[in-house]
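Colleague: Protein chains in written order, with the numbering used here: chain G, 1 to 293; chain F, 1001 to 1293; chain C, 2001 to 2293; chain R, 3001 to 3293.
Structure below; questions to follow.
There are 4 protein chains.
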Amino acid sequence: MKSKFKHVGLIAKQGDPRVADTLLRLAELMVSFGCKISIERRTAANLLIHHNFPTCDSAHLGETCDLVISIGGDGTLLHTARSLIDHDVPLLGINLGRLGFLVDISPDQMHARLEEIFSGNYLEEQRIMLIVSIGNARGPLRVNHAFNDVVVHKWEVARMIEVDTYIDERLLNSMRSDGLIIATPTGSTAYALSGGGPIMDPDMDAMVIVPICPHSMNYRPYVFDGNCEVEMRVQDSSCPHSQVSCDGQISMAIQPGDVIRVKRHPKRVRLIHPPEYNHFQVLRTKLRWGEHS
Amino acid sequence: MKSKFKHVGLIAKQGDPRVADTLLRLAELMVSFGCKISIERRTAANLLIHHNFPTCDSAHLGETCDLVISIGGDGTLLHTARSLIDHDVPLLGINLGRLGFLVDISPDQMHARLEEIFSGNYLEEQRIMLIVSIGNARGPLRVNHAFNDVVVHKWEVARMIEVDTYIDERLLNSMRSDGLIIATPTGSTAYALSGGGPIMDPDMDAMVIVPICPHSMNYRPYVFDGNCEVEMRVQDSSCPHSQVSCDGQISMAIQPGDVIRVKRHPKRVRLIHPPEYNHFQVLRTKLRWGEHS
Amino acid sequence: MKSKFKHVGLIAKQGDPRVADTLLRLAELMVSFGCKISIERRTAANLLIHHNFPTCDSAHLGETCDLVISIGGDGTLLHTARSLIDHDVPLLGINLGRLGFLVDISPDQMHARLEEIFSGNYLEEQRIMLIVSIGNARGPLRVNHAFNDVVVHKWEVARMIEVDTYIDERLLNSMRSDGLIIATPTGSTAYALSGGGPIMDPDMDAMVIVPICPHSMNYRPYVFDGNCEVEMRVQDSSCPHSQVSCDGQISMAIQPGDVIRVKRHPKRVRLIHPPEYNHFQVLRTKLRWGEHS
Amino acid sequence: MKSKFKHVGLIAKQGDPRVADTLLRLAELMVSFGCKISIERRTAANLLIHHNFPTCDSAHLGETCDLVISIGGDGTLLHTARSLIDHDVPLLGINLGRLGFLVDISPDQMHARLEEIFSGNYLEEQRIMLIVSIGNARGPLRVNHAFNDVVVHKWEVARMIEVDTYIDERLLNSMRSDGLIIATPTGSTAYALSGGGPIMDPDMDAMVIVPICPHSMNYRPYVFDGNCEVEMRVQDSSCPHSQVSCDGQISMAIQPGDVIRVKRHPKRVRLIHPPEYNHFQVLRTKLRWGEHS
């Protein structure tokens, strides 16, 4: 087999002992495919301490590899996708334990699925990523990425927060709630779903704003085109007990006067799947569609 | 003033006595602008019986006019938009009584707003329209249009219906419910909203499927790109008490074996608004956003 | 064993061939317990044609028996409960195929469970039943019962209906919707759940009104005490395309001027369960609580 | 007029300058009715510093007065009701600014309404209050009251919490969510409504559990009788970022092993209303029922 991918980066979930075995098997499989491999430094330090694979910073995986494989759950892939978005490197997810929405190859199918994929027989999905920036006139912007969602929310529970939301500089509404979720189609099956949002086709170029426990009954999730820019202004009195989260993995404080802007990243996350991948099948399995009690 | 539009078609809601006065004022205003006008035949027959404006079939308004004005409510504009979609003629709505989502010029502002618009100072929105076709191997297709929504639903109440839904030929799910709504962004503030659907930005090229009273709790509205094609197959035993509706204005029966296909029309509905038109303002007014009790 | 019950009535779902075998086994089991049995006349005529068990009208089962066993699904038990509510006879449900919310003894456990129950080791639940009456000044009342729900709904789909609802003679609201569901706690896991209603503890003395696709976003299910009386007045223009259903099994037309009254029946439905019966376990099984995908 | 009430306690919202004027007018009105009055100490210290009305601890108002009037919003009445629940003293609410669900007499109607009420012409509602206790084997119980709701929730946002809920010692379910709201009928129009709960008739003896952003789609609000006792056990790993709130006004930390118990208080909150009080009218006004856009 002449491998479609020449240099593969490997990155794994931290702190899960089941990962080491899968990671080692995967590294050996890549070698047997004739690929050069690089292991993300922390992954190697924690999991492959007795082996001598080349290691590399997460940031450099994207520069040097033509495929990065993430081993873990959806959370690990979210992290990997955010850190590699500036490069055009495609991603592939090996799930540990149970099927994820993003990581759809299980360790026991790994050999067969990867053989197929590395021979060039695969599907590539392109999904949008968000850029969130928080800033005001007094200081520099703080910028982060989000693959699932940007959430503006209170962290002290007795209070609600009041947020003015603008889409492309026009006021959409002023809302009192526990928070607002701005989700990508990828994130529409994550926290936004718990908040009552719709499910979106994963390759759509669109976002949805889902209010969390809105104070009024009149609000509904709002879906809009991916080329729109969202701006949120938290009322000053709400700022001390508000913050912004990206994918539930990064938190940023908000100061009075801060403007929170969310827009689509110019690049797409490229997800590699086996050729028989069917997103609707994943939805039906994960959401138990079709099981009538 | 040199009018931007040369030949204007007028079509009005049937059976509402308030229309005649507005229609006549509008016709005279058009004449004062130097426009040629054509009145839709039924409109003229019912409302302008003592006047001698040229009349014309609804189908021909689209061929000859470079603007069609609809007088009535959102329902009148839905009907007008469906019947003129094959032509590229822009539409403008005068509302009677109360603000609609589609008809946003009130009779008392008519003179000023139209003067502005006819001088070339206006906004044009492009919105998607749906084509629904019902057919099977035995007979010809029945085809209709829908600007808000295509609804597959039971009409006998004690029964639920079971529908298999495919998007681009892949099974999305099999669902037991009272029915399914396929809505455009325009229709997302109509029946789909009552069914629990999200609100969609009106110029999006997207659709949403909203289940009506689904038998299982696992279903959520599903949003997808406007270039997808939806296919629905109603289980044979459900057909005798099922039907398909377009915009709540047209009904079509379903036979066992029928396949219901919904896709975007290749042309867009062109809606003309005054320059200060703000869709979010209409939403805030109609949905009472920002009124905290 | 000295049987707790002396005279047992048997009533079965019509038109399901699996019933006959279970029914015969059940009849023989009752005889072996030393019970006198009576078979509901239609059940006997359709299912036990070669046997000579005594038969009896459904109405008389309640007068002569001290236990009635319903074989089928929840629908059969709903029917049985409505027809026997005027008598104080306890009911027990054998489910065919799959677990129901009401029928919780499967045919293969029948022998063991009934032995236990007939020895006096059982739980008895008391649940409320509704009486619905439709009337106006010109004619007699039409009266029916409902164990799950009374539904006022449109049957022609393009229209919504407008209903004024009164609780204990005070106006609750005027609502435009596809219909209204008045459910008992028993019915809270049936159609009302599809409409977005809460789940209610089955032995509560309470009802809930659940709007179906309300035209406004401001409405929510309304829960109230079982001693309240509900009155609904359908706007005259809505009557021609409205009707009232009981448990989805009985339909009644509505005329302009009709007043629809719903109140709790003075008697309770008495449901007999095995001693280890746990309603929450049934909920968790039927609604798949605790299965995290 | 011979006053129905002899000794009236007055308690007002802190920190709102509009209160002082209303409070003074109210005190003078009570004197003119021939009533003895006592001002809650903090209220007097902050608002009536130049007057010499007798003052008294909040706890003693309940012992000595036969009516307590709360001036402020619903929040002030919630606080007053919790602190006086052990006494049988009826409460009356004067609202500042806008109509509340609980405080329904506006300052400008105060004179006329109170004259009516003090002459004995009034309605008295009885509403349930909750007792929440948190404890484990190692230490004493911490006990608080809640008139609206007891909320178990995370306060660190990236995490969900996992809670096992028992009703009368039987497991209802294990749920992963942002939190759980246990609401009284009074609280059903407060935070529980934002979480998607039903509205409950205020004099019902019942509670509802409303999950906040549940991780699974299968959960619905659960309504049960007021004589049930709820027990919640937060999974140990969730405890460090969980807490319990009462009416959004009191917070209590949770330790691993803690058991949170919620039950109805043996006494009822007695609310006094003008004779023409109509709860449904308040609902229609506050929730804008009947306003069709």
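A virtual CB, placed ideally from N, CA and C, is assigned to each residue, including glycine.
Can you list, in chain order, the stretches of the alpha helix (DSSP H) that have 4 or more residues and sit fully within the region 2180-2254 of chain C?
Modeller: Runs found: 2191-2194.
Colleague: By DSSP, does M1160(F) sit in helix, in strand, or in coil?
Modeller: Here residue 1160(F) refers to the residue found at position 160 of the second sequence. Residue state, collapsed to three classes: coil.
Colleague: Restricting to Cα atoms, I'd like to know which of E1162(F), R1113(F) and L1061(F) is closest to L1010(F).
Modeller: Along the second sequence, read from residue 1 onward, the residue named residue 1010(F) stands at position 10. Among E1162(F), R1113(F) and L1061(F), the Cα nearest to that of L1010(F) is on L1061(F).
Colleague: For Q1126(F), which three-state DSSP category applies?
Modeller: For the purposes of this step, residue 1126(F) is taken as the residue at position 126 of the second sequence. Strand at Q1126(F).
Colleague: What's the gap between the Cα of G195(G) and the Cα of P211(G)?
Modeller: If you number the first sequence from 1, residue 195(G) lands on position 195. If you number the first sequence from 1, residue 211(G) lands on position 211. Taking the straight line joining both Cα atoms gives about 7 angstroms.
Colleague: By alpha-carbon positions, which one of P2240(C), L2091(C), H2050(C) and T2076(C) ends up nearest to L2123(C)?
Modeller: As a working mapping, residue 2123(C) is identified with position 123 in the third sequence. The candidate whose alpha carbon is nearest that of L2123(C) is L2091(C).
Colleague: Looking at the C-beta of I1254(F), does it have a partner C-beta in chain C at a distance below 8 angstroms?
Modeller: Position 254 of the second sequence holds residue 1254(F). False, the Cβ-Cβ gap to chain C never drops below 8 angstroms.
Colleague: Show which residues of chain C have a CB atom less than 7 angstroms away from the CB atom of H1215(F).
Modeller: Residue numbering aside, residue 1215(F) sits at position 215 when the second sequence is read from its first letter. Ordered by position in chain C, the residues that pass the 7 angstroms Cβ test against H1215(F) are S2194.
Colleague: Let's test the definition: count the other Cβ atoms within 10 Å of the Cβ of Q1243(F) and tell me whether it reaches 16, buried, or not, exposed.
Modeller: On the second sequence, residue 1243(F) is found 243 positions in, with the first residue counted as 1. Flag for Q1243(F) reads buried.
Colleague: Whose CA, out of R41(G), A253(G), F280(G) and A44(G), lies closest to the CA of H156(G)?
Modeller: Numbered from 1 along the first sequence, position 156 holds the residue referred to as residue 156(G). His is not the amino acid found at residue 156(G); the sequence shown has Glu there. Ranking the options by Cα distance to E156(G), first place goes to A253(G).
Colleague: Tell me the DSSP secondary structure of A2044(C) in three-state form.
Modeller: Residue numbering aside, residue 2044(C) sits at position 44 when the third sequence is read from its first letter. In the structure shown, A2044(C) sits in a helix (DSSP, three-state: H, G or I).
Colleague: Which same chain residues, not among the five before or five after S106(G), have their C-beta less than 7 angstroms away from its C-beta?
Modeller: Taking the first sequence and counting its residues from 1, the one referred to as residue 106(G) is at position 106. The answer, listed in chain order, is N95.
Colleague: So I212(G) contacts chain R; which residues on that side make the cut at Cβ distance below 7 angstroms?
Modeller: Along the first sequence, read from residue 1 onward, the residue named residue 212(G) stands at position 212. Those within 7 angstroms of I212(G) in chain R are C3213.
Colleague: Less than 8 angstroms separating the beta-carbons of V1221(F) and G1197(F)?
Modeller: Locating residue 1221(F) in the second sequence gives position 221, counting from the first residue. Locating residue 1197(F) in the second sequence gives position 197, counting from the first residue. Per the sequence shown, residue 1221(F) should be read as Pro rather than Val. In contact: P1221(F) and G1197(F) (Cβ atoms closer than 8 angstroms).
Colleague: Should G1034(F) be labelled buried (16 or more other beta-carbon atoms within 10 Å of its own) or exposed?
Modeller: As a working mapping, residue 1034(F) is identified with position 34 in the second sequence. G1034(F) is exposed by the Cβ-count criterion.
Colleague: Within 8 angstroms (strictly less), CB to CB, does G2278(C) reach chain G?
Modeller: Looking up residue 2278(C) in the third sequence gives position 278. For the record, residue 2278(C) in the displayed sequence is Asn; it is not Gly. With 8 angstroms as the cut-off, N2278(C) does not count as an interface residue toward chain G.
Colleague: Quick check: what's the CA-CA separation for R127(G) versus D2247(C)?
Modeller: As a position in the first sequence, residue 127(G) is number 127, starting the count at 1. As a position in the third sequence, residue 2247(C) is number 247, starting the count at 1. Looking at the two C-alpha atoms, the distance is approximately 46 angstroms.
Colleague: Checking the sheet assignment: what are the DSSP bridge partners for G1072(F)?
Modeller: Numbered from 1 along the second sequence, position 72 holds the residue referred to as residue 1072(F). For G1072(F), which the question treats as bridged, DSSP gives the partners N1095(F).
Colleague: DSSP three-state label for R113(G), please.
Modeller: Looking up residue 113(G) in the first sequence gives position 113. Residue state, collapsed to three classes: helix.
Colleague: Could you tell me whether the Cβ of N2218(C) comes closer than 8 angstroms to any Cβ of chain G?
Modeller: By one-based count along the third sequence, residue 2218(C) stands at place 218. So, interface residue.
Colleague: Can you find a heavy atom of the ligand ZN that lies under 7 angstroms from the Cβ of A190(G)?
Modeller: Of ligands this structure carries none, so the ligand ZN is not represented either.
Colleague: Give me the DSSP bridge partner(s) of K2013(C).
Modeller: To locate residue 2013(C), count along the third sequence from 1; it is residue 13. Answer is none; K2013(C) lacks a bridge partner.
Colleague: Among R1261(F), H1145(F), G1139(F) and I1069(F), whose alpha-carbon lies nearest the alpha-carbon of K1006(F)?
Modeller: The sequence position of residue 1006(F) within the second sequence is 6, counting from 1. Of the listed residues, the one whose Cα sits closest to K1006(F) is I1069(F).
Colleague: Can you give me the Cβ contacts of N46(G) inside the same chain, cut-off strictly under 7 angstroms, excluding the 5 residues immediately before and after it?
Modeller: The sequence position of residue 46(G) within the first sequence is 46, counting from 1. The answer, listed in chain order, is Q14.
Colleague: Which of the three DSSP states is assigned to K2286(C) in this structure?
Modeller: Here residue 2286(C) refers to the residue found at position 286 of the third sequence. In this structure, K2286(C) counts as helix in the three-state DSSP scheme.
Colleague: For a cutoff of 8 angstroms on Cβ pairs, would you count E162(G) as touching chain R?
Modeller: Position 162 of the first sequence, counted from the first residue, corresponds to residue 162(G). Not closer than 8 angstroms to any Cβ of chain R, the Cβ of E162(G) fails to qualify, so no.
Colleague: Where does the unbroken alpha helix (DSSP H) through V3089(R) begin, and where does it stop?
Modeller: As a first step, residue 3089(R) is located in the fourth sequence; it is residue number 89 there, counting from the start. Here V3089(R) belongs to no alpha helix (DSSP H), and DSSP marks it neither H nor E.
Colleague: When DSSP builds the beta bridges, which residues end up paired with C3056(R)?
Modeller: As a working mapping, residue 3056(R) is identified with position 56 in the fourth sequence. E3040(R), per the DSSP bridge assignment.
Colleague: Would you kindly report the start and end of the unbroken beta strand (DSSP E) that includes S3177(R)?
Modeller: Numbered from 1 along the fourth sequence, position 177 holds the residue referred to as residue 3177(R). Where S3177(R) is concerned, the enclosing beta strand (DSSP E) stretches over R3170 to S3177.
Colleague: Tell me the rounded alpha-carbon separation between P1214(F) and D2086(C).
Modeller: For the purposes of this step, residue 1214(F) is identified with residue 214 of the second sequence, where counting begins at 1. For the purposes of this step, residue 2086(C) is identified with residue 86 of the third sequence, where counting begins at 1. For P1214(F) and D2086(C), the distance between alpha carbons rounds to 34 angstroms.
Colleague: Ignore the nearest five residues each way along the sequence and tell me which others in L1172(F)'s own chain have a CB closer than 6 angstroms to its CB.
Modeller: Mapped onto the second sequence, residue 1172(F) falls at position 172. Excluding positions up to five away in sequence, the list reads T1165.
Colleague: Pull out every residue of the region 1161-1190 of chain F whose Cβ sits closer than 7 angstroms to any Cβ of chain G, in chain order.
Modeller: So the list reads R1170, L1171, L1172, N1173, S1174 and R1176, given in the order they occur along the chain.
Colleague: With which residues is S3003(R) paired in a DSSP beta bridge?
Modeller: Here the question's residue 3003(R) lines up with position 3 in the fourth sequence. BP columns for S3003(R) are empty, so no partner.
Colleague: Distance, Cα to Cα, K2263(C) vs A2206(C)?
Modeller: The sequence position of residue 2263(C) within the third sequence is 263, counting from 1. The sequence position of residue 2206(C) within the third sequence is 206, counting from 1. Going by the C-alpha atoms only, they are around 10 angstroms apart.
Colleague: On the three-pair Cβ rule with 8 angstroms, is the region 2037-2051 of chain C touching the region 1275-1284 of chain F?
Modeller: The region 2037-2051 of chain C vs the region 1275-1284 of chain F: no contact.
Colleague: Between which two residues does the alpha helix (DSSP H) harbouring D3021(R) extend?
Modeller: Locating residue 3021(R) in the fourth sequence gives position 21, counting from the first residue. Element bounds for D3021(R): R3018 to S3032.
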